[in-house]
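Positions in the sequence shown are counted from 1; adding 42 to them yields the working numbering.
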Amino acid sequence: MTGTARPITLLGTPVLHTPCRPVERFDDDLALLVEDMFASMYAAKGVGLAANQIGVDLRVFVYDCPDADDVYRKGVIVNPALELPAAQDRNVDRGDEGCLSVPGPRAAVGRPDLATCHGFDVAGEPVTVHGTGVLARCLQHETDHLNGMLYIDRLPAEVREAVLAEFREGQSVPAQP
């Protein structure tokens with residue numbers, strides 16, 4: 043791995059709460075950003091990372107996670123367009139979800155168990171990723187990030203408040219002896 047791990051942007055930082063700009067240039071700068079994103083994701087022990095999670099306002103995310111068959115899939119999607127099954131064809135998975143930008147707490151989030159993401163690779167070539175299991179959840183979670191939404195925005199108010207309280211508690215620095 044050749045990228046440099048960057049600090050993860052935390053909840054409350056404006057870049058996380060605003061839709062990201064489309065990538066317009068597929069160049070060396072984008073390739074370096076993607077390398078840094080992979081390095082950052084691995085350093086933080088994540089399975090997916092959106093560019094705004096390292097403070098970059100661009101529509102790109104990386105992932106390295108298993109599908110429903112426990113086959114690990116790794117890649118990058120630039121300018122993603124998410125496609126979900128029609129409402130009548132959806133099976134909703136209410137699995138636990140967490141986020142590198144909200145470290146600590148996890149909560150059940152209902153998401154379709156199938157997702158397809160269309161976009162481009164780092165060279166500008168079209169890609170389509172069909173996701174099941176954790177990969178389906180990851181494609182949806184990371185696309186949400188690029189739209190300025192966090193998983194906690196999908197939680198019922200009382201659950202969201204409990205998650206935020208746990209996050210705030212985890213961010214407080216204990217007193218030194």
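Beta carbons: idealized from backbone N, C-alpha and C, even for Gly.
{"Item": "How should Glu184 be labelled, buried or exposed, when 16 other C-beta atoms within 10 angstroms of its C-beta is the threshold for buried?", "Value": "buried"}
{"Item": "Please report how far the alpha carbon of Lys87 lies from the alpha carbon of Gln130, in whole angstroms.", "Value": "35 Å"}
{"Item": "Where in the segment 126-206 do unbroken runs of the beta strand (DSSP E), each at least 3 residues long, occur, reported from the N-terminal end onward?", "Value": "138-141, 144-150, 156-162, 168-174"}
{"Item": "Since Leu100 and Leu142 should fall inside the 8 Å C-beta cutoff, what is the C-beta to C-beta distance between them, to a whole number of angstroms?", "Value": "About 17 Å separates the two Cβ atoms, so there is no contact after all."}
{"Item": "With DSSP as the reference, label Leu72 as helix, strand or coil.", "Value": "helix"}
{"Item": "Determine whether the beta carbon atoms of Arg48 and Gly97 lie at a separation below 9 Å.", "Value": "yes"}
{"Item": "From which residue to which residue does the beta strand (DSSP E) around Leu91 run?", "Value": "90-92"}
{"Item": "Are the CB atoms of Val171 and Leu156 nearer to each other than 9 Å?", "Value": "no"}
{"Item": "On the criterion of 16 or more Cβ atoms from any shown chain inside 10 Å, does Asn133 qualify as buried, or is it exposed?", "Value": "exposed"}
{"Item": "Start and end of the beta strand (DSSP E) containing Cys62?", "Value": "First-last for Cys62: undefined, no H or E at that position."}
{"Item": "Could you please give me the residues that DSSP links to Ile119 through a beta bridge?", "Value": "Phe103"}
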